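A.B. asks: Before I ask anything, let me first share the structure, which is written out below as structure tokens.
2 protein chains.
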Amino acid sequence: MGRRAASDSGGRRPTTIRDVAARAGVSVATVSRILSGTYPGAAATRGKVLRAVRELDYVANANARGLAGARSRSVAIIVNSVISPHYAHVAQGVQAQAAIEGKLCIVGTTGGDPERELATVQVMREEHAECVILVGNVVADDAYRERMANYARALAAAGSQLVLCGRPALGPDVPALVVEYDNTGGAYAITSHLLSLGHRRILFLGRRDSYTTPESRIAGYRAALADHRVPHDPGLEVEGRMERDEGYRMIRERLAAGPRDFTAVFAGNDLIAAGARQALRAHELRVPEDVSLVGFDDLPPSADIDLTTVHVPHEELGRTAVRMALRRPRETTVTPGPGVVLGTHIVVRDSVRPLVREETPVG
Amino acid sequence: MGRRAASDSGGRRPTTIRDVAARAGVSVATVSRILSGTYPGAAATRGKVLRAVRELDYVANANARGLAGARSRSVAIIVNSVISPHYAHVAQGVQAQAAIEGKLCIVGTTGGDPERELATVQVMREEHAECVILVGNVVADDAYRERMANYARALAAAGSQLVLCGRPALGPDVPALVVEYDNTGGAYAITSHLLSLGHRRILFLGRRDSYTTPESRIAGYRAALADHRVPHDPGLEVEGRMERDEGYRMIRERLAAGPRDFTAVFAGNDLIAAGARQALRAHELRVPEDVSLVGFDDLPPSADIDLTTVHVPHEELGRTAVRMALRRPRETTVTPGPGVVLGTHIVVRDSVRPLVREETPVG
DNA sequence: CCAGCTCATGTATACGGTTACATCACCGGT
DNA sequence: ACCGGTGATGTAACCGTATACATGAGCTGG
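As they're listed, the protein sequences go chains A and B. Residues are numbered in the numbering used here as their position in the first sequence, beginning at 1, plus a constant of 53. Residues are numbered in the numbering used here as their position in the second sequence, beginning at 1, plus a constant of 53.
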């Protein structure tokens, strides 16, 4: 409702700082200073003011406050979707840290549409958020990248800050913070885990060219194969989006297309793993007895299906993003260039079995 | 950063509506009207203005806009935690509907602390959110209720709107919308399902006196028992919070305390069910062969563990809350009094088996 | 006892929009 | 040709807060 909204409920004008000042018998400046904590030693005045505030049930107008030049009180986070556990956990971290810093948290979603992401950043710009945190996977498109770089510059010029969380930098001269986690390393580690147990034909689920997250995970997968001198079969990299249903589809189609030519499955993330597991079961294939399965993310439900996976410090990612943006550098793991890379590690559960030799002789 | 923030990057003053007006050769009023769409037929002026906006990369200042009396552009949602899938799904609905209505979404979390919830409502009041949506379970405390009622009145007086989503009304004369879903009915239905398959000793996990959600679920449980003329054993109602780990604990402690005296488990929600299932497995009890298990919520991961459960329209709940608050009543299910109750239904999967008679002769 | 400093407080302006009200150009009907 | 009307545009007054600057009281030290 607009200014005169109160009219439809009695014509009462909202109480302002002037009302408080009048009631307390002081000037508005005094009230303002006391309420915003900008005061060395306020005497009994403080008491009068606070009492007036209570009696009048005064709440400051955030818009006026923002306009008049106070620091912004909000932090923006833009994610693909709030439902996705991956994003939800990062968002939780952002929200938690923001609360600690006394800021509130504005959330925007994109549904995976780059155009909507750009538009949402623009909205956050209007909103004067103290920082704008972009989280997750993104298509590596040059035009898009350039546009986002411009927004980053605009934000910086306005004293705000773009933060890229779990996605690569926009360029060397673009004023954006980067908080990453070690996708490639995690994928390398878990692939090595499978290889060391004798698996040679490992299906990778969720290849998506030019999408950054699956790309770096697949890079780790390939690197591990190479280091173990296992020939790389591109046919084992299955294309699909990073969703549960896609995991189901990829396995179903694979098994429908011909005889099983793999002994282990590396799902691009835990969601895919869950779907894949379901599809395997539908084909009478038990995990881990018949097929080994691993994922990536270590979401809570993965414990319930005993999934071996790569742990990602989602929440810490969000917290770090906020801390960095608010210029409060703390302890972090590695720090190459202007960004931070948080470590990942594998979590071994019961979804992998050593390969019984002779099954798929390799090399 | 505050007003003069630009100084640390070249002293450039942010471009305002006046700059645009100057560049387009029109007055600020014209620019304002064109940008806010308040214009019957703007001629070629429109073109000039839009071009100037583009050339100067102008973005309106949301604070100024809000101050000057424009309708608020934001919707607030306050949840326990963003991680909890239950809340995440509701939040997704809120966010989605807000986006459709052209509003943005501010999120606050409480961590289950009523005091923090109250404080957060206050913050949203400062923020002039067009509505404040409170979602989920809450302790039924009179003092708390009265305070929240006051906030509801204050919000209403300011032209805003408090919405209670999945929790009971504050009182007959409190200006707050209510969007509920049928907890009791769902619990009744799924308990009946177990009863009709012969189960008589059904453990209820998650009793919490004076917390609204578990209370209404347990009410449905008891009603079903009564209607099936099965004696009610209060000893079967186990106390615990609505979390995964609590599910594990409750089963573990129960089985440690004595021989198993139940054939089925009704977990207060899917999270508890997941934990309970884990604990049962740890005790060599298979689901559903040895023990039947049902939950409540129908979260996506529940499909992976084949859990029979009650489906809750979480996302629709959020959408409905926003729609109602924005005074756009649409199709809904039932409409008793000032609120809406969305229906629930049971989803049968493979976590329940008919009871082999003789095992626990009853009555 | 007074200069000078410190600190609490008041006065008044700026912040960047929206919008009521005033203008003004233009048009058709008589 | 004149008048009322219509619709685009300009002018200026807010909106509620923060804060630079001014003011004045109280205190200290020589």
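Ideal placement from N, C-alpha and C gives every residue a C-beta, glycine not left out. Keep in mind that this is a model prediction, so the values were computed, not measured.
Taking A/Ala152 as part of the alpha helix (DSSP H), name the residues at either end of that continuous run.
C.D. replies: If you number the first sequence from 1, residue 152 of chain A lands on position 99. Per DSSP, A/Ala152 belongs to the alpha helix (DSSP H) from 138-153.
A.B. asks: Tell me which same chain residues have a C-beta within less than 8 angstroms of the C-beta of B/Glu384, skipping the five on either side of it?
C.D. replies: For this step, residue 384 of chain B is matched to residue 331 along the second sequence. Confidence at B/Glu384 is low in this model, with a pLDDT of 37, below 50, so the placement of that residue is unreliable and no value is reported for it.
A.B. asks: Whose C-alpha, out of B/Arg169, B/Glu180, B/Gly155, is nearest the C-alpha of A/Ala113?
C.D. replies: Mapped onto the first sequence, residue 113 of chain A falls at position 60. It is B/Glu180 whose Cα lies nearest to the Cα of A/Ala113.
A.B. asks: At what residue ranges does the region 293-370 of chain A contain a whole run of the beta strand (DSSP E), taking only runs of 3 or more?
C.D. replies: The qualifying runs are 317-320, 345-347, 362-364.
A.B. asks: Alpha carbon to alpha carbon, what distance is there between A/Ala374 and A/Gly238?
C.D. replies: In the first sequence, residue 238 of chain A corresponds to position 185, counting from 1. In the first sequence, residue 374 of chain A corresponds to position 321, counting from 1. Cα to Cα, the separation comes out at about 21 angstroms.
A.B. asks: By the 8 angstroms beta-carbon criterion, what residues does the region 133-151 of chain B contribute toward chain A?
C.D. replies: Per Cβ criterion, the list reads Ser134, Val135, Ile136, Pro138, Ala141, His142, Ala144, Gln145, Gln148, Ala149.
A.B. asks: Kindly identify the DSSP beta-bridge partner or partners of B/Tyr234.
C.D. replies: Residue mapping note: residue 234 of chain B aligns to position 181 of the second sequence, counting from 1. Paired residues: B/Leu395.
A.B. asks: My understanding is that A/Arg305 touches A/Gly293, with C-beta atoms under 8 angstroms, so please give their C-beta distance in whole angstroms.
C.D. replies: Within the first sequence, the letter at position 252 stands for residue 305 of chain A. Within the first sequence, the letter at position 240 stands for residue 293 of chain A. About 11 angstroms; that fails the 8 angstroms criterion.
A.B. asks: Roughly how far, in whole angstroms, is the beta-carbon of B/His139 from the beta-carbon of B/Glu368, given that I think they are within contact range, below 8 angstroms?
C.D. replies: Here the question's residue 139 of chain B lines up with position 86 in the second sequence. Here the question's residue 368 of chain B lines up with position 315 in the second sequence. Not quite, the Cβ-Cβ distance comes to about 11 angstroms (not below 8 angstroms), so this is no contact.
A.B. asks: Could you work out which residue in A/Asp350, A/Met295, A/Ile136 is closest to A/Ile325 when comparing CA atoms only?
C.D. replies: Along the first sequence, read from residue 1 onward, the residue named residue 325 of chain A stands at position 272. The option with the nearest alpha carbon to A/Ile325 is A/Met295.
A.B. asks: Do A/Cys158 and A/Ile130 come within 8 angstroms of each other at the CB atom, strictly closer than that value?
C.D. replies: The residue labelled residue 130 of chain A in the question sits at position 77 within the first sequence. The residue labelled residue 158 of chain A in the question sits at position 105 within the first sequence. Contact: yes.
A.B. asks: Going by CA-CA distance only, name the one from A/Lys156, A/Leu120, A/Ser134, A/Arg104 that's closest to A/Arg126.
C.D. replies: Working through the first sequence from its first residue, we reach residue 126 of chain A at position 73. Selected option, being the one with the closest Cα: A/Lys156.
A.B. asks: I'd like to check one pair, B/Val192 with B/Gly219: are the Cβ atoms closer than 8 angstroms?
C.D. replies: For this step, residue 219 of chain B is matched to residue 166 along the second sequence. For this step, residue 192 of chain B is matched to residue 139 along the second sequence. Cβ distance not < 8 angstroms, so B/Gly219 and B/Val192 don't count as in contact.
A.B. asks: Once DSSP output is grouped into helix, strand and coil, what is the label at B/Pro389?
C.D. replies: The sequence position of residue 389 of chain B within the second sequence is 336, counting from 1. Low confidence applies here, because B/Pro389 scores a pLDDT of 41, under 50, leaving its location unreliable; read the following figure in that light. DSSP places B/Pro389 in coil when its eight states are reduced to three.
A.B. asks: If you drop the 5 nearest sequence neighbours on each side, which residues of the same chain put their C-beta closer than 8 angstroms to that of B/Arg206?
C.D. replies: Start at 1 with the first residue of the second sequence, and residue 206 of chain B comes out as number 153. Contacts found: Val227, Pro228.
A.B. asks: Is there contact between the region 64-82 of chain A and the region 77-87 of chain B, where contact requires at least three CB pairs shorter than 8 angstroms?
C.D. replies: The region 64-82 of chain A, when compared against the region 77-87 of chain B, does not touch it at the 8 angstroms Cβ threshold.
A.B. asks: Which whole runs of the alpha helix (DSSP H) in the region 158-237 of chain B are 4 residues long or more, in chain order?
C.D. replies: With a minimum length of 4 residues, the continuous alpha helix (DSSP H) runs that stay inside the region 158-237 of chain B are 167-179, 195-210.
A.B. asks: Under 8 angstroms, do B/Arg232 and B/Gly392 count as touching if we go by C-beta distance?
C.D. replies: For the purposes of this step, residue 232 of chain B is taken as the residue at position 179 of the second sequence. For the purposes of this step, residue 392 of chain B is taken as the residue at position 339 of the second sequence. Reading off the sequence, residue 232 of chain B comes out as Val, not Arg. The answer is yes: Cβ separation under 8 angstroms.
A.B. asks: Are three or more beta carbon pairs between the region 248-261 of chain B and the region 309-322 of chain B nearer than 8 angstroms?
C.D. replies: Taking 8 angstroms as the limit for Cβ pairs, the verdict is that the region 309-322 of chain B does touch the region 248-261 of chain B.
A.B. asks: Taking the straight line between their C-alpha atoms, what separation do you get for A/Met177 and A/Val185?
C.D. replies: As a position in the first sequence, residue 177 of chain A is number 124, starting the count at 1. As a position in the first sequence, residue 185 of chain A is number 132, starting the count at 1. So the alpha carbons of these two residues sit roughly 7 angstroms apart.
A.B. asks: Where do the ends of the beta strand (DSSP E) carrying A/Ser425 lie?
C.D. replies: Any property of residue 425 of chain A remains undetermined from this structure, which presents chain A solely from 54 to 416.
A.B. asks: Could you check whether the region 195-215 of chain A touches the region 260-277 of chain A, counting it as contact only if at least three pairs of C-beta atoms, one from each stretch, sit closer than 8 angstroms?
C.D. replies: No, the region 195-215 of chain A is not in contact with the region 260-277 of chain A.
A.B. asks: Quick check: is the beta carbon of B/Arg380 nearer than 8 angstroms to any beta carbon in chain A?
C.D. replies: Here residue 380 of chain B refers to the residue found at position 327 of the second sequence. False, the Cβ-Cβ gap to chain A never drops below 8 angstroms.
A.B. asks: For B/Glu180, decide whether its Cβ has a neighbour in chain A, counting only Cβ atoms nearer than 8 angstroms.
C.D. replies: Counted from its first residue, the second sequence places residue 180 of chain B at position 127. Closer than 8 angstroms: yes.
A.B. asks: Identify each residue in the region 358-373 of chain B for which the Cβ-Cβ distance to at least one residue of chain A is less than 7 angstroms, and report them in chain order.
C.D. replies: Hits within the stretch, in order: Ile358.
A.B. asks: Any idea if A/Leu247 is buried or exposed, counting beta-carbon neighbours within 10 angstroms, 16 or more meaning buried?
C.D. replies: Residue 247 of chain A sits at position 194 when you count from the first residue of the first sequence. Buried.
A.B. asks: Going by the CB atoms, is the gap between B/Thr316 and B/Asp277 shorter than 8 angstroms?
C.D. replies: Taking the second sequence and counting its residues from 1, the one referred to as residue 277 of chain B is at position 224. Taking the second sequence and counting its residues from 1, the one referred to as residue 316 of chain B is at position 263. According to the sequence displayed, residue 277 of chain B carries Ala and not Asp. It is not a contact, given that the beta carbons lie outside the stated cut-off.
A.B. asks: Measuring straight from C-alpha to C-alpha, what distance separates B/Val283 and B/Leu289?
C.D. replies: Along the second sequence, read from residue 1 onward, the residue named residue 283 of chain B stands at position 230. Along the second sequence, read from residue 1 onward, the residue named residue 289 of chain B stands at position 236. C-alpha separation (whole angstroms): 13 angstroms.
A.B. asks: Going by beta-carbon coordinates alone, are A/Leu250 and A/Val405 separated by less than 8 angstroms?
C.D. replies: Position 197 of the first sequence, counting from 1, holds the residue named residue 250 of chain A. Position 352 of the first sequence, counting from 1, holds the residue named residue 405 of chain A. Yes, the Cβ-Cβ distance between A/Leu250 and A/Val405 is below 8 angstroms.
A.B. asks: Check whether the Cβ atoms of B/Leu50 and B/Leu395 lie closer than 8 angstroms to each other.
C.D. replies: It is not possible to answer for residue 50 of chain B, since the shown part of chain B is limited to 54 through 416.
A.B. asks: Counting only beta-carbon atoms, is A/Cys184 nearer than 8 angstroms to chain B?
C.D. replies: Within the first sequence, residue 184 of chain A is the residue found at index 131, counting from 1. Judged by the 8 angstroms Cβ criterion, A/Cys184 is not in contact with chain B.
A.B. asks: When DSSP labels each residue in this structure, what does A/Tyr241 get in the three-state scheme?
C.D. replies: Here residue 241 of chain A refers to the residue found at position 188 of the first sequence. It is helical.
A.B. asks: For a cutoff of 8 angstroms on Cβ pairs, would you count B/Asp194 as touching chain A?
C.D. replies: What you label residue 194 of chain B is simply residue 141 of the second sequence in a count that begins at 1. With 8 angstroms as the cut-off, B/Asp194 does not count as an interface residue toward chain A.
A.B. asks: What do you reckon, are the CB atoms on B/Arg376 and B/Gln145 nearer than 8 angstroms?
C.D. replies: Start at 1 with the first residue of the second sequence, and residue 376 of chain B comes out as number 323. Start at 1 with the first residue of the second sequence, and residue 145 of chain B comes out as number 92. The answer is no: Cβ separation not under 8 angstroms.
A.B. asks: Helix, strand or coil: how does DSSP classify B/Asp72 here?
C.D. replies: Walking along the second sequence from the start, residue 72 of chain B turns up at place 19. B/Asp72: helix per DSSP, three-state reduction.
A.B. asks: Following the continuous alpha helix (DSSP H) through B/Leu417, name the residue where it begins and the one where it ends.
C.D. replies: Limits of chain B in this structure are 54 at one end and 416 at the other, which puts residue 417 of chain B out of reach.
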